[in-house]
Amino acid sequence: MKPYIKYTIRRYLPYFLTLGIILVAYFMICVNVSSAVIRSSSSYYVFNRPTSSMLGFFIPLIILTTFAPLFVNRYRYHIQDVDLFYQNPKGQRSIRYVNNLVVLVGSVAIYTGLFLLSLLIMLLIQLPNAGKVITNGDITYSYFLFNFGYYILAYILVLIAGCLNYFISYYLVTRSNRLINSLIMLACGYFLLNNALTTPLYYIMHYIRMINHGTGYSFIVSSSNAFHTITMVNPLAIVYEAFNPLVIDMSSDFFSRREAILLVLDFVYLGLFIVIGIICLLVFIKEKESSGELAGKPMGRDCAQKIIFEAFFIVLAFTLGAANVSPSSFLALMIVLHIAIITFLCAGHYIFNSILNHRFTLNKKDIIPYVIIISVYIVTIVLTTILSNVK
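The sequence shown: position 135 = 135 (this note's numbering), numbered continuously.
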């Protein structure tokens, strides 16, 4: 197996080189915009606060661990490539382990090395002025050192989340045997992780608050669940809010200033993300490889492709229905709008389902998903309208 591991490393050298070049350029931007200085004056207590660039350093890890499995498993999309890879005498699972772990471990090693190098550069930049207080006219500049220990601790936590995110993405990508299908699964899967639980929960919370206060307001999904999702965004947001103040030499008030319900949701979603990540890791370890004859074919390796796709449109219908209220004064206009949204949902389902199955004809069974999607949207609209008029 060692010769195959060496072959795989050589095969991905262009990928590792490209990743390193991009990260060097990107991390240097993060270093340059970091600031370990507080500028204040007698008239204003604080002109500006320090900037750690923590989010800037960590966000690329989400992108990397989400899309890397798409490239690693591309051999599944061509029968010639599958035949070549499956000829390895060590077995098909070994191929899966080597391909994915070489890229994951290699990417993490490059990312970690360049991240630590960036922290070292930041340290060397900050050291000469650390502890100085310079006054220029009415403005005072106070210099200090970042607490790099908290930076490293935050990175370790985000890195663990990134590894779990990799295996979640792996699961979604490998439900299909075509590149376009894997892209659709990736988009649908992460949409479901972002909205399947969050949108209904906030929908309920919104109307409970509305009824309790006796006044209504517009339900805006994007502002409600921006960071509370079963994705890597959740642990990244928690780590940033908890550790960023500590890095820039300020006290962290993450637990004291946050609403109890939001704090509970933070850790509920974090727990769900960890559980799903571990399940996908176990699938990666235990699952048998799909038949090489399915490579490039529209059917998925199991029923998950169809379930994820249909669930995506059902949740999308609910989300669009929850975000639209029909005022009586504009009833005719809103009816037209709802018809347009239903048409959009059905057209989108038809187009992407046709691409997914490589078939543009409809049969009787294909009508069932459209009935479900339209029903979910209409029921949500009716429920939303009724709840919006409760005083």
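Ideal Cβ positions, reconstructed from N, Cα and C, are used throughout, including at glycine.
Closest to residue i by C-alpha separation, out of the options, would be which residue?
i	options	result
Phe67	Met205, Thr361 and Ser182	Ser182
Ser375	Asn357, Leu320 and Leu19	Leu320
Lys297	Ser52, Arg76 and Met28	Arg76
Val158	Val379, Arg10 and Asn244	Asn244
Lys132	Pro60, Cys280 and Ile38	Ile38
His78	Ile367, Ser290 and Thr198	Ser290
Ile368	Cys346, Arg301, Ala332 and Phe318	Cys346
What does a CB cutoff of less than 7 Å around residue i pick up in its chain, not counting 5 residues either side in sequence?
i	result
Tyr12	Val102, Val103 and Gly106
Ala226	Confidence at Ala226 is low in this model, with a pLDDT of 47, below 50, so its placement is unreliable and no value can be given for it.
Ser169	Thr65, Thr66, Pro69 and Leu186
Val382	none
Ala154	Met54, Val239 and Phe243
Near residue i, what residues of its chain come up, given a Cβ to Cβ distance below 6 Å and the 5 sequence neighbours on each side ignored?
i	result
Thr65	Gly162, Asn165 and Tyr166
Leu145	Gln126 and Ala130
Pro50	Ser35, Ala36 and Ile248
Val31	Ser118, Ile121 and Met122
Tyr7	none
Thr174	Asn73
Tyr141	Val37, Arg39 and Ile134
Identify the continuous alpha helix (DSSP H) that holds residue i and give its terminal residues.
i	result
Thr384	Lys364 to Ser388
Ile29	Leu13 to Val33
Leu170	Here residue 170 turns out to be Tyr, not Leu, going by the sequence shown. First-last of the alpha helix (DSSP H) with Tyr170: Phe148 to Val173.
Thr361	Careful: Thr361 lies outside any alpha helix (DSSP H) and carries neither H nor E.
Pro60	Met54 to Val72
Leu179	Leu179 to Asn195
Where does the unbroken beta strand (DSSP E) through residue i begin, and where does it stop?
i	result
Ile38	Val37 to Ser41
Asn136	Val133 to Asn136
Gln140	The amino acid at residue 140 is misidentified as Gln; the sequence shows Thr. Element bounds for Thr140: Ile139 to Tyr143.
CB-CB under 8 Å to residue i, same chain, minus the five flanking residues each way: which ones, in chain order?
i	result
Tyr151	Ser52, Met54, Leu119, Phe243 and Val247
Arg359	Pro298
So does the region 297 to 311 actually touch the region 172 to 181, counting three or more Cβ pairs closer than 8 Å?
yes
Per the contact definition of three or more C-beta pairs closer than 8 Å, is the region 261 to 272 in contact with the region 230 to 241?
yes
Completely contained beta strand (DSSP E) runs for the region 309 to 353, where each covers 3 or more residues:
none
Curious, which full-length alpha helix (DSSP H) runs of at least 4 residues does the region 228 to 304 contain?
233 to 247, 254 to 257 and 260 to 286
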